[in-house]
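>
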Amino acid sequence: MWEPGSLTTRRAVPRSHPRAESLLIRSRLVDGFDSGLVAREGLLAQGRGEAFDYLLGEKTGRPARRAIRAAAAALLLAKSPIVSINGNAAALCAAELVSLSVQAGAKLEVNLFYASKRREQAIARMLKKCGAREVLGINPASSARLHGTDSARGRVDRDGILAADVVVVPLEDGDRTAALRKAGKTVITFDLNPLSRTSQTAHITIVDNITRAAGLLAADIQRMAGKDRRVLRQTVSDYNNRSNLAESIAQIRNNLARRARLA
Ligand code: ATP
1 MWEPGSLTTR RAVPRSHPRA ESLLIRSRLV DGFDSGLVAR EGLLAQGRGE AFDYLLGEKT
61 GRPARRAIRA AAAALLLAKS PIVSINGNAA ALCAAELVSL SVQAGAKLEV NLFYASKRRE
121 QAIARMLKKC GAREVLGINP ASSARLHGTD SARGRVDRDG ILAADVVVVP LEDGDRTAAL
181 RKAGKTVITF DLNPLSRTSQ TAHITIVDNI TRAAGLLAAD IQRMAGKDRR VLRQTVSDYN
241 NRSNLAESIA QIRNNLARRA RLA
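Anchor point for the sequence shown: position 55 equals 55 in our numbering, and the numbering is continuous, going up by one each time.
#1: List the DSSP bridge partners of residue 144.
#2: Where in the segment 68 to 138 do unbroken runs of the alpha helix (DSSP H), each at least 4 residues long, occur, reported from the N-terminal end onward?
#3: Does the beta-carbon of residue 197, which I'm using as the reference point, lie nearer than 7 Å to any heavy atom of ligand 1?
#4: Could you tell me the distance, in whole angstroms, from the CA atom of residue 144 to the CA atom of residue 18?
#5: Can you look up residue 149 in the DSSP assignment and give me helix, strand or coil?
#6: Cβ atoms of residue 64 and residue 207: under 8 Å apart, would you say?
#7: Reducing DSSP to helix, strand and coil, say where residue 60 ends up.
#8: Please confirm whether any heavy atom of ligand 1 lies closer than 7 Å to the CB of residue 95.
#9: Where does residue 168 sit, in a helix, a strand or coil, going by DSSP?
#10: So, at 6 Å on beta carbons, what are the nonlocal neighbours of residue 197 in its own chain, with the 5 sequence-adjacent residues on each side left out?
#11: Report the residue from 171, 226, 252, 216 whose alpha carbon sits nearest the alpha carbon of residue 77.
#12: So, at 6 Å on beta carbons, what are the nonlocal neighbours of residue 232 in its own chain, with the 5 sequence-adjacent residues on each side left out?
#13: Would the segment 25 to 43 and the segment 120 to 128 be scored as touching if the rule is three or more Cβ pairs under 8 Å?
#14: Thinking just about the alpha-carbon of each residue, which of 260, 257, 259, 252 is nearest to the one in residue 55?
#15: Are the CB atoms of residue 218 and residue 100 nearer to each other than 8 Å?
#16: On the DSSP letters alone, give me the boundaries of the beta strand (DSSP E) that residue 13 sits inside.
#17: Is it buried or exposed, residue 13, if we count other Cβ atoms within 10 angstroms and call 16 or more buried?
#18: Should residue 16 go down as buried or exposed, given a rule of 16 or more other Cβ atoms within 10 Å for buried?
#19: With hydrogens ignored, establish whether the beta-carbon of residue 173 is closer than 7 Å to any heavy atom of ligand 1.
#20: Ignore the nearest five residues each way along the sequence and tell me which others in residue 82's own chain have a CB closer than 6 Å to its CB.
#21: According to DSSP, simplified to helix, strand and coil, what is residue 38?
#22: Measuring only the C-alpha atoms, how far is residue 183 from residue 147?
#23: Select from 58, 46, 122, 41 the residue whose C-alpha is nearest the C-alpha of residue 255.
#24: By DSSP, does residue 207 sit in helix, in strand, or in coil?
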């Protein structure tokens, strides 16, 4: 389960505050920034996410549950799955993402939009502290290029993302998502904004806060692990990302309509 931020921030956000959960998630990012995990831009990305979480009602909706099920099936069917970790993902829910990688038999790769050796090392240390045995993406000797992105943004691990068939890329940028898709990977993302290019480009978009959804995905993988491969394939082929995203957008519209009537 998600743990609140540092003692200082925990004291500063009383549990009784009506927006306590959101403020505590924010404090995790700030702590992550202070400890060198998160880029400055990452704080802004969190702001964009928060706004959409607000509009979605700050809960895991039906479309997110459906996407999580499809993602669990795709990961269980994968030959070589991987979870890509950036600073925000590490600061928000490193433990859940490590547990997700264990359940899915997936590798972990540190992969940053704003590349920095120090941040890569700090994120790898955090993942190891949470139980990760191996963390890819930090050894320059196994660095490779993902075509379709500029050189700084296209660096991936030869034994990780480059070799993977199914890639989980939380809180990702649209260009890199498109490049992964073009490279023939099945792309799964967590993104609170159903309108983002990443959401629109991925094969499976989980429109939910990663702090809620990462643990749910790990739990679904565990629950579905014994299922017949035919059933898993059916779950994936029954899933339609376009209509699922449309439902998330409708969830926002319905929330707004309800509020507009009450105003
Ligand atoms: P795109 O290039 O896909 O259009 P973007 O430029 O809007 O993306 P980025 O800053 O590259 O956004 O990526 C951050 C994305 O992650 C945003 O879409 C934001 O809504 C989402 N996001 C931020 N925080 C969270 C969170 N805690 N859980 C899930 N999604 C989040």
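Beta carbons are placed, not taken as given, at the ideal position from N, Cα and C, and that holds for glycine. Since the model is a prediction, treat every value here as computed from it, not as a measurement.
Working from what's here:
#1: 156
#2: Runs of the alpha helix (DSSP H) inside the segment 68 to 138: 87 to 104, 117 to 129.
#3: yes
#4: 47 Å
#5: Three-state DSSP puts residue 149 in coil, outside helix and strand.
#6: Here residue 207 is near residue 64, since their CB atoms are less than 8 Å apart.
#7: Per DSSP, reduced to three states, the secondary structure at residue 60 is coil, with no helix or strand assignment.
#8: no
#9: strand
#10: 174
#11: Out of 171, 226, 252, 216, 226 has the C-alpha closest to the C-alpha of residue 77.
#12: 73, 76, 77
#13: yes
#14: 252
#15: yes
#16: First-last for residue 13: undefined, no H or E at that position.
#17: buried
#18: exposed
#19: yes
#20: Excluding residues within five positions, the ones whose Cβ falls inside 6 Å are 106, 107, 109, 160, 161, 164, 167.
#21: coil
#22: 8 Å
#23: 58
#24: coil
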